[in-house]
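Novice: Take this structure first; my questions come after.
Protein chains: 2
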Amino acid sequence: MDKTQENSTGTLGKALEVLNIVASSPVPLRFTDVLKLSDQPRGTLHRQISNLIEEGLLAMNRDHSYGLGLRLLQFASKAWSSNEFRTIAEPHLQILHEQTGETVHLGVLRGIEVIYLDKVESRQSVRMYSQIGNTAPVYCTGVGKAALSALSDDELNARIGLIEFRRFTASTLPDAKALLKEIDHIRVEGNAYDREEHETDICCVAAPIYSHNRHFVAGISVTGPAYRITPEILTSWAGITRAAAAAIMANMATQLSPRA
Amino acid sequence: MDKTQENSTGTLGKALEVLNIVASSPVPLRFTDVLKLSDQPRGTLHRQISNLIEEGLLAMNRDHSYGLGLRLLQFASKAWSSNEFRTIAEPHLQILHEQTGETVHLGVLRGIEVIYLDKVESRQSVRMYSQIGNTAPVYCTGVGKAALSALSDDELNARIGLIEFRRFTASTLPDAKALLKEIDHIRVEGNAYDREEHETDICCVAAPIYSHNRHFVAGISVTGPAYRITPEILTSWAGITRAAAAAIMANMATQLSPRA
DNA sequence: AAATTGCGTTCCAAATAATGGAACTCACAG
DNA sequence: CTGTGAGTTCCATTATTTGGAACGCAATTT
Chain A
52 MDKTQENSTG TLGKALEVLN IVASSPVPLR FTDVLKLSDQ PRGTLHRQIS NLIEEGLLAM
112 NRDHSYGLGL RLLQFASKAW SSNEFRTIAE PHLQILHEQT GETVHLGVLR GIEVIYLDKV
172 ESRQSVRMYS QIGNTAPVYC TGVGKAALSA LSDDELNARI GLIEFRRFTA STLPDAKALL
232 KEIDHIRVEG NAYDREEHET DICCVAAPIY SHNRHFVAGI SVTGPAYRIT PEILTSWAGI
292 TRAAAAAIMA NMATQLSPRA
Chain B
52 MDKTQENSTG TLGKALEVLN IVASSPVPLR FTDVLKLSDQ PRGTLHRQIS NLIEEGLLAM
112 NRDHSYGLGL RLLQFASKAW SSNEFRTIAE PHLQILHEQT GETVHLGVLR GIEVIYLDKV
172 ESRQSVRMYS QIGNTAPVYC TGVGKAALSA LSDDELNARI GLIEFRRFTA STLPDAKALL
232 KEIDHIRVEG NAYDREEHET DICCVAAPIY SHNRHFVAGI SVTGPAYRIT PEILTSWAGI
292 TRAAAAAIMA NMATQLSPRA
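These protein sequences, in sequence, are chains A and B. If you use the numbering used here, the first sequence closes out at 311, no skipped numbers anywhere. If you use the numbering used here, the second sequence closes out at 311, no skipped numbers anywhere.
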């Protein structure tokens, strides 16, 4: 009776934990590898994996290592194409892209991560799945900081408390204090910036998107290479980025949720 | 003790059944709608849904209808980018696209469906998730028929027995007999064709890809609009499509699975 | 060749989590 | 204000999951 906030989703939660272990590993894991990373006994883990494989969520490679199953793609395809928020935002991303000529991202806040829901770019050089569905830390992305700025102070503090700050580049915000200070700025200005805080040579300007009660917060951003996008250019896009966010929120109010 | 091949994945299977009900519906479902489609009592279903929501696999909209959760995107992103087969095939898709100038698809067989794993096209007009992860019936797609042709007769017959033939266009194969006949052709020729059998004005030429033991079968195809791609042009791509499939299989043999 | 080690797999009594009927709440309609 | 329908909560019963131990099989070591 001490296990600090036990998992309340029972069997499902345990299954997903296994899935997560496989998903999080950069290198394919074999049975014993998963066993070491989970804290489940062998028999149990074996049955869990068998079930996941039978359901198509996990796949066993020929060398007995595991990978994520194709059924996940099937679900995700549906999740993406039927997502109301994304559908509403889509034309606005397109417009913002035409206005700037740079890559536009749409991301939503989930815990202390940003999940990228969509992107629009001209040269489709990078493959799409390489971004959509990807997650990034809140504290070093434009979309993430914009989203945080839309939260109530209570929510904000609760989430920031969970962040483990890691330095990605020289300009990554180092701690909660720096992040809170920046969020104050964002709340006043209405825009968040990422100035090479996550990846060197990548900068962006972002604006928050939120529902009336702020249970749902997201962000939109325009991203480009730092050598081409000077701080001045970035600042000059702040207005249209906010405008895109505002337009999306206006559409949400009319098109989403008859009630609530 | 009569329930015809009971689900053996226990709780997980039940959870995924709920997820599937939500995923399969063209229109958002509310609690009672799901209740009617599942055969679970209210209390049980409610808890299952709660768990799925807590895990991020399901999301509740503000009008109490359900949609698939964003965590699925996260998993799918990983599943896609780390998929060995897709990685191996990718450069060959690219080459085939450059040779033909048309859209190239990669799909794998799962049961009696094809799951599209990747595509390459020039005008990135259609959004990517609109294809990748999508499924289509085996019997009316080039990739599907190519994949079937690689199966052993036993496997083939078992799967064809499960198909419910539905007419999509005037040229959709109407029944198992027609499909088996076509597969005989494909086995001889080495190529499958889809001549507007799934969608009007869309045709393609495909070739099968399979592992040594044929436990894994897939296909690659070149697709284009019928008004531009005459049957002669399509036929002229048969060779390079087979060549691409052969190249992928050669790479699989060397790069995949040290053992087995 | 025999013994050992590591890995994946199977089994079953005990522990635990899921079940499902009934009851409760709230919002809206008659 | 009563009735209906939708969503939610509760808890004794029931069914599933658990996890320790043992098995089979290769590859490696003695």
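We put the CB at the ideal spot given by N, CA and C, even for glycine. What you are looking at is a predicted structure, and each value in this text was computed from that prediction instead of being measured.
(1) Which two residues bound the contiguous beta strand (DSSP E) that contains E164(A)?
(2) If the cut is a Cβ gap below 7 angstroms, which residues of chain B does E153(A) touch?
(3) Could you have a look at P79(B) and say whether DSSP puts it in helix, strand or coil?
(4) Could you tell me which whole alpha helix (DSSP H) segments of length 4 or greater appear in the segment 261-288 of chain B?
(5) Restricting to Cα atoms, I'd like to know which of S128(A), R161(A), P77(A) is closest to E106(B).
(6) Please report the straight-line C-alpha distance between A197(B) and D84(B), rounded to a whole angstrom.
(7) Is it true that the CB of L124(A) sits closer than 8 angstroms to the CB of Y117(A)?
(8) For a test of the three-state rule: what should DSSP assign to A160(B), helix, strand or coil?
(9) Can you list, in chain order, the residues of its chain with a C-beta nearer than 6 angstroms to that of E172(A)? Leave out the 5 residues immediately preceding and following it.
(10) In chain order, which alpha helix (DSSP H) runs of at least 4 residues are fully inside the segment 88-163 of chain B?
(11) For R265(A) versus S200(A), is the C-beta distance shorter than 8 angstroms?
(12) Between the segment 189-207 of chain A and chain B, which residues of the former have CB atoms less than 7 angstroms from a CB of the latter, in chain order?
(13) Closer than 8 angstroms is the cut-off here; do at least three beta carbon pairs connect the segment 225-234 of chain B with the segment 273-292 of chain B?
(14) What span of residues does the beta strand (DSSP E) with D205(A) cover, start to end?
(15) Return the bridge partner residues of I299(A) from the DSSP annotation.
(16) Less than 8 angstroms between CB atoms is the rule here; does A269(B) satisfy it with respect to chain A?
(17) Mind pulling the chain B residues with CB within less than 8 angstroms of E106(A)?
(18) Assuming the contact rule is C-beta atoms closer than 8 angstroms, L147(A) and A295(A) should be a hit. Round their C-beta distance to whole Å, please.
(19) By the criterion of Cβ-Cβ separation under 7 angstroms, what are the contact partners of A74(B) in chain A?
(20) Look at the alpha carbon of H115(A) and the alpha carbon of F82(A), and state the distance between them as a whole number of angstroms.
(21) Find the residues of chain B that neighbour I166(A), judging by a C-beta separation of less than 7 angstroms, and give them in chain order.
(22) Thinking just about the alpha-carbon of each residue, which of A269(B), R279(B), S76(B) is nearest to the one in D45(B)?
(23) Exposed or buried, E149(B), counting other C-beta atoms within 10 Å across all chains shown (16 or more means buried)?
(24) Name the two residues that bound the continuous beta strand (DSSP E) containing A187(B).
(25) Can you list the residues of chain B that T186(A) reaches, using a CB-CB cut of under 7 angstroms?
(26) Can you name the start and end residues of the beta strand (DSSP E) that D245(A) belongs to?
(27) Given this structure, state the Cα-to-Cα distance separating I260(A) from R98(B), to the nearest angstrom.
(28) Beta-carbon of S176(B) versus every beta-carbon of chain A: anything under 8 angstroms?
(29) Return the residues of the segment 251-266 of chain A that lie within a Cβ-Cβ distance of less than 8 angstroms from chain B, sorted by chain order.
(30) At the level of alpha carbons, what is the spacing between I139(A) and L119(B)?
(31) CA-CA distance, L63(A) and I237(B)?
(32) A257(B) by DSSP, collapsed to three states: which one?
(33) Does the beta-carbon distance from G61(B) to N102(A) come in below 8 angstroms?
Specialist: Taking the structure as given:
(1) 164-171
(2) Ordered by position in chain B, no residue passes the 7 angstroms Cβ test against E153(A), which lies about 16 angstroms from the chain.
(3) coil
(4) 282-287
(5) R161(A)
(6) 38 angstroms
(7) no
(8) The sequence shown places Leu at residue 160(B), rather than the Ala named in the question. Note: L160(B) maps to strand in three-state DSSP.
(9) T154
(10) 93-105, 122-132, 135-151
(11) no
(12) none
(13) no
(14) Not the beta strand (DSSP E): D205(A) falls in the alpha helix (DSSP H), residues 204-211.
(15) Answer is none; I299(A) lacks a bridge partner.
(16) no
(17) T60, L63, G64, L67
(18) 4 angstroms
(19) F126, K129
(20) 7 angstroms
(21) L121, L124, Q125
(22) Any answer about residue 45(B) is impossible in this case: the structure gives chain B only from 52 up to 311.
(23) exposed
(24) 186-188
(25) Q125
(26) 243-246
(27) 31 angstroms
(28) With a pLDDT of 49 at S176(B), under the threshold of 50, the modelled position of that residue is not reliable, and the figure given next carries that caveat. No - not a single Cβ of chain A is within 8 angstroms of the one on S176(B).
(29) S262
(30) 17 angstroms
(31) 43 angstroms
(32) strand
(33) yes
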